[in-house]
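Residue numbers for the sequence shown follow this note's numbering, so the first one is 45 and each next one is one higher.
Below is one structure, written out as structure tokens, with a few remarks after it.
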Amino acid sequence: MRKLALVFAVAVTFGIVATPFVQAVAADKKLWEGWIEEVKKAAEGAKKK
45 MRKLALVFAV AVTFGIVATP FVQAVAADKK LWEGWIEEVK KAAEGAKKK
């Protein structure tokens, strides 16, 4: 069970990290610029809460 939980946690973490990259590619932007933009949006959302 512990190995399954570890694999699941790694998959979730990878998904969270990969999301801004996927969104940047979908928007046809440069990968780095899109990632920075998504991080800024996330930071702004956290500040509002």
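For every residue, glycine included, the Cβ atom is placed at its ideal position computed from N, Cα and C.
Discussion item. Between the alpha carbons of residue 45 and residue 84, how many angstroms are there, rounded?
Written reply: Along the sequence shown, one-based indexing puts residue 45 at 1. Along the sequence shown, one-based indexing puts residue 84 at 40. Taking the straight line joining both Cα atoms gives about 36 Å.
Worksheet item: Among 80, 88 and 90, which one has its Cα closest to the Cα of residue 62?
Response: Here residue 62 is taken as the residue at index 18 of the sequence shown, counted from 1. Relative to residue 62, the option among 80, 88 and 90 whose CA is nearest is 80.
Worksheet item: Does the Cβ of residue 89 have 16 or more other Cβ atoms within 10 Å, making it buried, or fewer, making it exposed?
Response: Within the sequence shown, the letter at position 45 stands for residue 89. Counting Cβ neighbours within 10 Å, residue 89 comes out exposed, since fewer than 16 surround it.
Worksheet item: Does the beta-carbon of residue 96 have 16 or more other beta-carbons within 10 angstroms, so that it is buried, or is it exposed?
Response: Examination of residue 96 is not possible in this model, given that the chain is present from 45 through 93 alone.
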